[in-house]
Amino acid sequence: MPVTPAFDAKVHKARRDEVLRRMREMAPTGAVAVFPGMPVATRNSDVEHPYRADSDLFFLTGFEEPEAVAVLSTQGEKPFTLFVRPRDKEREIWNGRRAGVEGAVKSFGADQAFEVGKLDEELPKLIGAARTLFYRFGGDDPDFDSRLGRMLRSLRMRARAGIDAPTRIEDPGQIVHELRLRKEPLEIDTLRKAVELTRRGHVAAMKTGRPGTNEYELHAVLEREFRHGGGRGWGYYPIVAAGENATVLHYNDNRAPVREGELVLIDAGAEADLYTADVTRTWPASGKFSPSQRACYQLVLDAADACIAATRPGETIEGLHDKAVRILTEGMVKLGLLRGDVDALIKDNAFRRYYMHRTSHWLGLDVHDVGNYRTPDGQPRPLEPGMVFTIEPGLYIASDDDQAPPELRGIGIRIEDDILVTAQGHDNLTRDIPRTVADVEAATSYRP
78 MPVTPAFDAK VHKARRDEVL RRMREMAPTG AVAVFPGMPV ATRNSDVEHP
128 YRADSDLFFL TGFEEPEAVA VLSTQGEKPF TLFVRPRDKE REIWNGRRAG
178 VEGAVKSFGA DQAFEVGKLD EELPKLIGAA RTLFYRFGGD DPDFDSRLGR
228 MLRSLRMRAR AGIDAPTRIE DPGQIVHELR LRKEPLEIDT LRKAVELTRR
278 GHVAAMKTGR PGTNEYELHA VLEREFRHGG GRGWGYYPIV AAGENATVLH
328 YNDNRAPVRE GELVLIDAGA EADLYTADVT RTWPASGKFS PSQRACYQLV
378 LDAADACIAA TRPGETIEGL HDKAVRILTE GMVKLGLLRG DVDALIKDNA
428 FRRYYMHRTS HWLGLDVHDV GNYRTPDGQP RPLEPGMVFT IEPGLYIASD
478 DDQAPPELRG IGIRIEDDIL VTAQGHDNLT RDIPRTVADV EAATSYRP
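Quick note: the sequence shown uses the numbering used here, first residue 78, plus one each step.
Structure (structure tokens):
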């Protein structure tokens, strides 16, 4: 585990400075923000899941060790406090190097640092000095929620002794998540690296996959490419779905055989320095689409292309979803999946029988990244330069759907790209991963 930040410490300091500035605007009488790290999770028995740092804490500090807690304060001369695990020679032999208190200051720019064992002693002092506490209750660690709640209760009970406690609690996401939503050039470069590793993985899977192979073999090919190029593996557990498995949106058994005539849907993205790509491609195991598969695929591709072409500052994710829904619904009528007036079918949500998810989500440190989708007055949020999001229309026809034409049953298709909003319009970061009918067939027809 690294004991130095993946990015220059100045990057994280600039982010903290901006967070502190906004905290002062929101809470001029004094504020403190608390960002706990993700807890270590047990997989089974004494085996732990590989650790992955909390995204907010990483964004602000670059620190990736377990048990860390970052504190930002608008008061005093030490605005950044970091609680970390102590150096421990014996434990480091077993589990890897630790930065320790000294490293937290030297390598990660903390103004002061404490061993995490002193959290219950030192954190109440920092909290009690502020009138506003920025903390996201109801997050991923209910145990820390309870711990912080006990600290607040203790501070309030000591009011008669002159001990202060915050009188207002705010969600720091309204500051930090807004910053994370608009990607900096360094973040975009990192996403491009993740996309390139993802491209290698998808292309390798297309070249490898054929009737007689297995979903788990393709999964292994993906992981090899994601790691081989210097990435950290996948940013979310891959979906490798052959045949009717592709009609299950979050299928992840990844152990079924690939059969002649089936489509293979792979939803997988590599992670680079904790930033993840998110790409789905669907391709014919035999190297050629059947006429029915081609018609369904082209419909999904048309919806994706129309949404990508429409992406520019001022457009909204809601508007793009509506565009995808209309194109897909019109296509469903032509394919014989739906019958009736297109406007009426959209109004009645009839399309949801075959397209049941949204078209887009934010992308960055998290695969479903943070950021509001609506403005404070409840309107769809206009896109701005620097935002990165997915466009991923799909078509899913269950194998037992007796209302669908027989030749379409069991077909699942999704095409997902990662889109950067630019001042001039957009940049499809994943355009080089085969996506047209001709390019997909060319990639899958070539067998090394």
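We put the beta carbon where it would ideally sit given N, CA and C, even for glycine. All figures in this text were calculated on a predicted structure; none of them were measured in a lab.
Check                                                                                                                             : Outcome
Nonlocal neighbours in the same chain, by C-beta distance under 7 Å from residue 407, ignoring five residues either side          : 419
Per-residue DSSP class, three states only, for residue 542                                                                        : No answer is possible for residue 542: the residues shown for the chain start at 78 and end at 525.
Member of 183, 504 and 238 whose CA lies at the smallest distance from the CA of residue 268                                      : 504
8 Å Cβ cutoff met for residue 412 and residue 485                                                                                 : yes
Residue interval of the beta strand (DSSP E) (run including residue 190)                                                          : 189–192
Nearest residue (CA-CA) to residue 496, options 197, 436, 247 and 277                                                             : 436
Extent of the continuous beta strand (DSSP E) to which residue 467 belongs                                                        : 465–468
Terminal residues of the beta strand (DSSP E) in which residue 247 lies                                                           : 245–247
Where the beta strand (DSSP E) through residue 495 begins and ends                                                                : 494–498
From 289, 316 and 275, residue whose alpha carbon lies closest to that of residue 302                                             : 275
Contact check, residue 109 vs residue 225, beta carbons under 8 Å                                                                 : no
Distance CB(residue 409)-CB(residue 374) smaller than 8 Å                                                                         : no
Contact set for residue 445: own chain, Cβ-Cβ below 8 Å, skip 5 residues either direction                                         : 438 and 439
Beta-carbon gap between residue 362 and residue 286 smaller than 8 Å                                                              : yes
Neighbour-count burial assignment, residue 239, 16 or more Cβ in a 10 Å radius                                                    : exposed
Selection from 153, 150 and 142 that minimises the alpha carbon distance to residue 162                                           : 142
Meets three-Cβ-pair contact criterion under 8 Å: the stretch 131–139 and the stretch 81–96                                        : yes
Beta strand (DSSP E) runs contained entirely in the stretch 224–259, provided each spans 3 or more residues                       : 245–247
Buried versus exposed, by CB contacts within 10 Å (16 or more), residue 453                                                       : exposed
Chain-order list of residues whose beta-carbon lies under 6 Å from that of residue 488 (same chain, five-residue window excluded) : 373 and 474
At least 3 beta-carbon pairs within less than 8 Å: the stretch 514–521 vs the stretch 390–400                                     : no
Own chain residues within Cβ distance below 6 Å of residue 395, not counting five before or after                                 : 457
Per DSSP, the bridge partner or partners of residue 334                                                                           : 291
Euclidean distance between Cα positions of residue 570 and residue 460                                                            : For the chain, the structure presents residues 78 to 525; residue 570 sits outside this window and is missing.
Distance between residue 451 and residue 502 (C-alpha atoms, nearest Å)                                                           : 20 Å
Opening and closing residue of the alpha helix (DSSP H) in which residue 371 lies                                                 : 368–387
Whole-angstrom distance between residue 351 and residue 309, CA atom to CA atom                                                   : 8 Å
Helix, strand or coil at residue 521 according to DSSP, with G and I counted as helix                                             : helix
Distance CB(residue 209)-CB(residue 255) smaller than 8 Å                                                                         : no
Buried versus exposed call for residue 205 [16 or more other C-beta atoms within 10 Å across all chains shown]                    : buried
Inter-stretch contact at 8 Å, needing at least 3 Cβ pairs: the stretch 117–125 / the stretch 214–223                              : no
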